[in-house]
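Enquirer: At the far end of the first sequence sits residue 261, using my numbering, and the numbering has no gaps. For reference, the structure I am asking about is given below.
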Amino acid sequence: MPELPEVATYKKYFDLAATGRRVTEVEVVEPRVVTVSPEELQQQVVGQRWEETQQIGKHLLVKLSEGGWMTVHFGMTGSLRSFKDREDAPRFTKVLFALDDGFFLSFRCPRILGRIGLTDSLADYQRAKKLGPDALTVSWEDFQDRLDGRSALIKPLLMNQSTVAGLGNWIVDDILYQAGIHPEKRANELTETEVRAIFDKMKYILETAIELESRYEDFPDDFLVTYRWSKNQHRQDEINLEILKVGGRSTYIDAERQRL
DNA sequence: TCCTATGTTGTCAT
DNA sequence: AATGACAACATAGG
């Protein structure tokens, strides 16, 4: 369930369950989730140690001991699972890694929209994927520059991974809800105060979600997403919830607080 | 059966 | 170049 905070949670999980181990076997169950041939993935990964992980937005990269990186993108429904016995491989396992500590790591991906691939360097990958700076670490000045002079609608602009990397549909909705800004407002019509509010809420939401390891049911009540998915769905009538389509995606707003 | 879904990428028109 | 509409990818679950 992969926007930036979920990927941060998977990164932590990967570091606990897999970083430092040597890969003894790679089984590609579903070739459509690998961007290289199954043979090339096996050739490049088997026998190597997973040395460290890095994250850029929604992308997880794993350093290989003999050079290069394995890249993981989770699509809409990808996830990782570590387990001890091969026969316990979870449903929807698309790539199965066997490790030298006897455990297995599954890349699960029911909808086959996730991808595992290879790259020589972080910079190469970032360039190839047209990723902007990571949303968690981008500076205020850089963020401001990237919105400057843009006439696009603010929601699709924030969703675009080349603006900043890591924001997805629910997070952008929550940023704009908490900042009190309509998703169809054009970026160049925002005041500096509004842009600053977007920046501050972006950091707050990402940090909070990471801290809570993306357990939506534990999110604070001032998060819109708790009305959308979680424990407070029954409280939907407490705000003026409206559902629109913006940039082709379902968009939740509080019509009182977010006006054009 | 129909609809929606936490994402990305390509085409096409403006 | 920038923008935005739309389809495609593929499948599960309500």
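Beta carbons: idealized from backbone N, C-alpha and C, even for Gly.
1) Expressed to the nearest angstrom, what Euclidean distance is found between the alpha-carbon atoms of Lys-134 and Leu-123?
2) Report the rounded CA-to-CA distance for Lys-186 versus Asn-161, giving the unit in angstroms.
3) Mapping the DSSP letters down to three states, classify Val-34 as helix, strand or coil.
4) In this structure, how does DSSP classify Trp-230 when only helix, strand and coil are distinguished?
5) Going by the C-beta, is Gly-249 closer than 6 Å to any heavy atom of the ligand FMN?
6) Given Asn-241, which residues of its chain have a CB within under 7 Å of its CB, disregarding the five upstream and five downstream residues?
7) Taking the alpha-carbon of Lys-202 as reference, which of Ile-113, Ala-136 and Gln-56 has the nearest alpha-carbon?
8) Which residue's Cα is closest to the Cα of Arg-260: Gln-179, Ile-57 and Lys-204?
9) Using the rule of at least 16 other Cβ atoms within 10 Å of the residue's Cβ for burial, across every protein chain shown, is Gly-169 buried or exposed?
10) May I have a chain-ordered list of the alpha helix (DSSP H) segments no shorter than 4 residues that lie completely inside the segment 114-189?
11) Who pairs with Phe-105 in a beta bridge, going by DSSP?
12) What is the DSSP secondary structure of Thr-194, counted as helix, strand or coil?
13) Round the Cβ separation of Glu-116 and Phe-93 to the nearest angstrom and send it over; I've been treating them as touching at under 8 Å.
14) Going by DSSP in three states, Val-47 sits in which element: helix, strand or coil?
15) Restricting to Cα atoms, I'd like to know which of Trp-141, Asp-125 and Gln-49 is closest to Glu-193.
16) Note down, in chain order, each residue of its chain lying with its Cβ closer than 7 Å to the Cβ of Pro-32, except the 5 sequence neighbours on either side.
17) Between the Cα of Ala-153 and the Cα atoms of Gln-127, Ile-176, Arg-128 and Leu-191, which residue gives the shortest distance?
18) How many Å lie between Asp-102 and Ser-83 at the Cα?
19) Going by beta carbon distance, what residues of the same chain come within less than 7 Å of Lys-175, once the five residues before and after it are set aside?
20) Beta carbon of Thr-20, beta carbon of Ala-99: below 7 Å?
21) Taking only the alpha-carbon atoms, compute the straight-line gap between Glu-4 and Ile-172 and give it to the nearest angstrom.
22) Mind reading off the beta-carbon distance from Thr-120 to Pro-184? Whole number of angstroms is fine, and I expect it under 8 Å.
23) Looking at the strands, I want to know which residues DSSP matches up with Glu-243.
Expert: Let me spell this out:
1) According to the sequence provided, residue 134 is Pro. The question's Lys does not apply to it. Cα to Cα, Pro-134 sits roughly 12 Å from Leu-123.
2) Taking the straight line joining both Cα atoms gives about 16 Å.
3) Residue state, collapsed to three classes: helix.
4) coil
5) Summarising the ligand content, the structure contains no ligands, and the ligand FMN is consequently not present.
6) Apart from sequence neighbours up to five positions away, the residues of its chain that approach Asn-241 with a beta-carbon distance below 7 Å are Asp-255, Ala-256 and Glu-257, ordered along the chain.
7) Ala-136
8) Gln-179
9) buried
10) 123-129, 141-148, 155-160 and 170-180
11) Here Phe-105 is bridged, per DSSP, to Phe-84 and Ala-99.
12) helix
13) Correcting the residue identity first, residue 116 is Arg in this sequence and not Glu. Their Cβ separation, rounded to whole angstroms, is 15 Å, which puts Arg-116 and Phe-93 out of contact at 8 Å.
14) coil
15) With distances taken between CA atoms, Glu-193 lies nearest to Trp-141 out of Trp-141, Asp-125 and Gln-49.
16) Pro-39
17) With distances taken between Cα atoms, Ala-153 lies closest to Leu-191.
18) 12 Å
19) Note that residue 175 corresponds to Asp in the displayed sequence, not to Lys. Here the set comprises Ile-206, Phe-224, Leu-225 and Val-226.
20) In this structure, Ala-99 does not lie closer than 7 Å to Thr-20 by Cβ.
21) 8 Å
22) Incorrect: roughly 33 Å between the Cβ atoms, too far for contact.
23) For Glu-243, the pairing in a beta bridge is given by DSSP as Ile-254.
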